[in-house]
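Going left to right, the sequence shown walks through residues 2 to 307 as our numbering numbers them. Think of the CB as a built atom: it goes at the ideal place given N, C-alpha and C, for glycine as much as any other residue. Bear in mind the structure is a predicted one, so any value in this text is a computation, not a measurement. Structure record follows, encoded as structure tokens.
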Amino acid sequence: MRRSRIGLALGSGSARGWSHIGVLEALQEAGIRPDVVCGASIGALVGAAYVADRLQALKDFAESVTWREIVSLLDVRVTGGGLISGKQIVELLRRLKIDAAIDSYATPYAAIATDLESGREVWLREGPIEDAVRASISLPGIFSPVRNADRWLVDGGLVNPVPVSTCRALGADIVLAVNLNGDLVGRFDSGTTKRTSFASISASPEFVRKLLGQIPPGIREQASAIAPKLLRSAPASPGYFDVLTNAINVMQDQITRARLAGEPPHVMLVPRLRDIGLLEFNRATEAIAEGRACVEQALPALRRYI
2 MRRSRIGLAL GSGSARGWSH IGVLEALQEA GIRPDVVCGA SIGALVGAAY VADRLQALKD
62 FAESVTWREI VSLLDVRVTG GGLISGKQIV ELLRRLKIDA AIDSYATPYA AIATDLESGR
122 EVWLREGPIE DAVRASISLP GIFSPVRNAD RWLVDGGLVN PVPVSTCRAL GADIVLAVNL
182 NGDLVGRFDS GTTKRTSFAS ISASPEFVRK LLGQIPPGIR EQASAIAPKL LRSAPASPGY
242 FDVLTNAINV MQDQITRARL AGEPPHVMLV PRLRDIGLLE FNRATEAIAE GRACVEQALP
302 ALRRYI
């Protein structure tokens, strides 16, 4: 009798996605090895590390990364459809040796992206895996879109934040899903929330200098005059990045609910990551621990299927 093939759908969620590392580690320790891995956005990145057998290398990077290193990865630009070009992210993946052709790996893999013009879901299953990841993480307004086969691609979380359907299409009989957006709506608190996500990065001196460096000399002096305002404490009312990130949280929560209602996984894992912001990538240790704990709590349900 053929063994049931296990699919793992790794959801979008930016820095909260470090929890996927803990999920994968805990699954392996429990003797559960996914046969198919599909991911959207950060899920595509961690999934790529897993199929490339470089999960430990990614974990080592994630747990040691500092704010300064995060800023160094943000290759700021003021043209091109996004604040960040993403070239440094691709270089990071290559340094971590997550850079072979997708079809060269033993485990079937797909990164989810969105066709910017048609709005259609795109499954990236061939070509360099680092390019597929770069397309899948292209969060609108932050990362510039990626050109691929005569189309512009952006973040896969816009259309399929938790790609259960893709796992099934790639041959999975049993699908485990990790939803990073289950408890995020209503996260913003104008009185008490600590601003340590993208708003903090964008207000850092390094980020401001990078941004000013992209401005033509003729208007750089005027921009420099207002730069100090960017370094002041954020006001009580939501700023640009607060609005952007919370809008994305609301959108992805609604899309996730709609998609999963029609195509539910066998087991849903929902790490408790409410207090980790969009780009708080320096909090990997917390996120990874929560991913592990989530799997440990779900083991009785997992054992019913596996």
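- Taking C-beta atoms as the reference points, Ser139 and Pro129 fail to come closer than 8 Å.
- For the options Ala50, Ile85, Val244, the alpha carbon positioned closest to that of Leu11 is the one of Ala50.
- Per DSSP, Asp156 is one residue of the beta strand (DSSP E) stretching across 152-156.
- Annotation for Tyr306: the continuous alpha helix (DSSP H) segment containing it runs 285-306.
- Going by beta carbons, Ala53 and Ile113 fall outside the 8 Å limit.
- Less than 8 Å separates the beta-carbon of Leu245 from that of Gly142.
- Across the structure, Glu127 and Gln255 are spaced so that their CA atoms are roughly 30 Å apart.
- Taking 8 Å as the upper bound for CB-CB distance, Gly8 and Arg169 are in contact here, some 7 Å apart.
- In this structure, Glu131 places its C-beta atom within 8 Å of the C-beta atom of Arg95.
- Counting along the chain, Tyr51 sits inside the alpha helix (DSSP H) bounded by residues 43-52.
- Counting along the chain, no alpha helix (DSSP H) covers Leu270; the unbroken beta strand (DSSP E) around it starts and ends at 268-270.
- Nearest in C-alpha terms to Leu159, of all of Leu300, Ser137, Met269, Glu287, is Ser137.
- In the three-state DSSP reduction, Arg4 falls in the coil class, being neither helix nor strand.
- A distance below 7 Å between beta-carbons, with the five flanking residues on each side excluded, links Ala299 to the following residues of its chain, in chain order: Val268, Leu270.
- Taken through DSSP and simplified to helix, strand or coil, Thr67 comes out as coil.
- Sixteen is the threshold: when 16 or more other Cβ atoms of the shown chains lie within 10 Å of the Cβ of Pro35, as they do, the residue is buried.
- When only Cα atoms are considered, Gly48 and Gly157 end up about 14 Å apart.
- Counting of Cβ neighbours within 10 angstroms places Lys88 among the exposed residues, the total staying below 16.
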